[in-house]
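**Student:** Each residue of the sequence shown is one higher than the last, beginning at 48 in our numbering. Here a beta-carbon is modelled for each residue, glycine too, at the ideal position from N, C-alpha and C. Below you will find the structure I want to go over with you.
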Amino acid sequence: MVTLHKLYEEAISQLQEETRQQEKLRFVTNLLRVGFAEVNEELLAIVEEIATLPSDEFTPLLLQLSREELLERFRKEAES
Numbered sequence: 048m049v050t051l052h053k054l055y056e057e058a059i060s061q062l063q064e065e066t067r068q069q070e071k072l073r074f075v076t077n078l079l080r081v082g083f084a085e086v087n088e089e090l091l092a093i094v095e096e097i098a099t100l101p102s103d104e105f106t107p108l109l110l111q112l113s114r115e116e117l118l119e120r121f122r123k124e125a126e127s
């Protein structure tokens, strides 16, 4: 029997996960903004794909690759 307490814990857990994902997307977008001053539609289209990586993988990429290199890399991954 599912208790009210268990339902509450599941709802809180889901909300926390959604919040973490939103924060990660915001972090990726902010890093792109710092690196390129403007985040256009092309970059916005790859934010979610980038955010699927662990932060220790995507952070160096966002700091080192050019806009064109990022777009090329993550478009290819999205097509795979």
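Pairs of beta-carbons, one from the stretch 76–95 and one from the stretch 48–63, closer than 8 Å: are there three or more?
**Tutor:** No, the stretch 76–95 does not touch the stretch 48–63.
**Student:** Is the separation between the beta-carbon of Val94 and that of Leu72 shorter than 8 Å?
**Tutor:** Yes.
**Student:** Do you know offhand how far Ala84's Cα is from Glu56's?
**Tutor:** Using only the alpha carbons, I get a separation of about 41 Å.
**Student:** Cα-Cα, which of Thr76, Leu118 and Leu51 is closest to Ser102?
**Tutor:** Answer by Cα proximity: Thr76.
**Student:** At the level of alpha carbons, what is the spacing between Lys53 and Leu117?
**Tutor:** If I take the Cα positions, the gap works out to 43 Å.
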